[in-house]
Every structure is written in structure tokens, then in C-alpha cells.
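Only one structure is covered here, and it is reproduced in the block below.
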Amino acid sequence: MEFTIAFVKTFYLAVKLGAPLLLTDIASILILGLIVGRLEKWKPGEAIYWSCMTVTTVGYGDFHPARGFSRFLAILIAVHGLIIFAILGSVAVQATLIPAETHIDVQAIRSAKN
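Last residue of the sequence shown: number 106 in this note's numbering, and the count goes up by one each step with no gaps.
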């Protein structure tokens, strides 16, 4: 249980430190989604829904850009999504390693191997 608590605290602190970057990415996704929505003549809610589905790579296909520039912006939105998930994934790995170093008894593992 100590490990889990340490993981959650470390993850929270790392996300808090990276919040400006994450929020900038999220804002970029929403703005680009609204631009695509305007180009494609979608309602703002539909554009935001579409950009969220594009970021998560779900892409149901109920909305899809038909214009070339809109498709280019869709690629940028997808790249921003990859950046967000890469940041969160690396934060999760780091948040696992830091508590692991404190909670794992390396000497006990080495002696168990012998």
C-alpha cells in the first residue's frame, strides 16, 4: 500500500509540474478542432467531439474532414494527442521507478538469487 501511495503522490507532482505543457497541448487541440469545425461547417460541439475522438485515436468516423487543409490540421491534432499520451506515459514510468527505488530492498533480491 505504501508503494501505491508513493506512486500516486509522485504521479500527481509530476503532472502538476507538467501542467503548463499539458494544458497548452489541450488548448491547441481544442483550437485546432474548432478551426477544422469552422472549415467543415460543423457545430462547435461537434468540432470539439471530433477533435477529442481524433486525439484518442478512436475516430468513430461519424465526422471526418473533407478538405485538404482540414485533414492536415487533423494530423496536427493527432500529433498533439501522441505528445500528451507520451508525457503521461513517461510520467507514469518515472512515478513507478522513484517509489520502487525506495521500497525495493536490492540486497534482499541479490541474496535471494544466490
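Cβ coordinates follow ideal geometry from the N, Cα and C atoms, glycine included.
This one's a predicted model, so the numbers in the text were calculated from it and none came from an experiment.
Are residue i and residue j close, meaning C-beta to C-beta below 8 angstroms?
| i | j | result |
| --- | --- | --- |
| residue 22 | residue 40 | yes |
| residue 24 | residue 65 | yes |
| residue 57 | residue -5 | no |
| residue 6 | residue 78 | no |
Should residue i be labelled buried (16 or more other beta-carbon atoms within 10 Å of its own) or exposed?
| i | result |
| --- | --- |
| residue 12 | exposed |
| residue 60 | exposed |
| residue 37 | exposed |
| residue 28 | buried |
| residue -3 | exposed |
Using only the alpha-carbon positions, how far apart do residue i and residue j sit?
| i | j | result |
| --- | --- | --- |
| residue -1 | residue 30 | 42 angstroms |
| residue 52 | residue 45 | 7 angstroms |
| residue 48 | residue 94 | 34 angstroms |
| residue 62 | residue 32 | 8 angstroms |
| residue 1 | residue 8 | 10 angstroms |
| residue -7 | residue 89 | 16 angstroms |
| residue 76 | residue 50 | 15 angstroms |
Of the residues the options, which one's Cα is nearest the Cα of residue i?
| i | options | result |
| --- | --- | --- |
| residue 71 | 58, 17, 91 | 17 |
| residue 15 | 27, 55, 2, 80 | 80 |
| residue 4 | 77, 54, 43, 83 | 83 |
| residue 19 | 35, 1, 43 | 43 |
- Item | Length at least 4, wholly inside the segment 9 to 96: the alpha helix (DSSP H) runs in chain order | Within the segment 9 to 96, complete alpha helix (DSSP H) segments of at least 4 residues are found at 36 to 47, 60 to 95, given in chain order.
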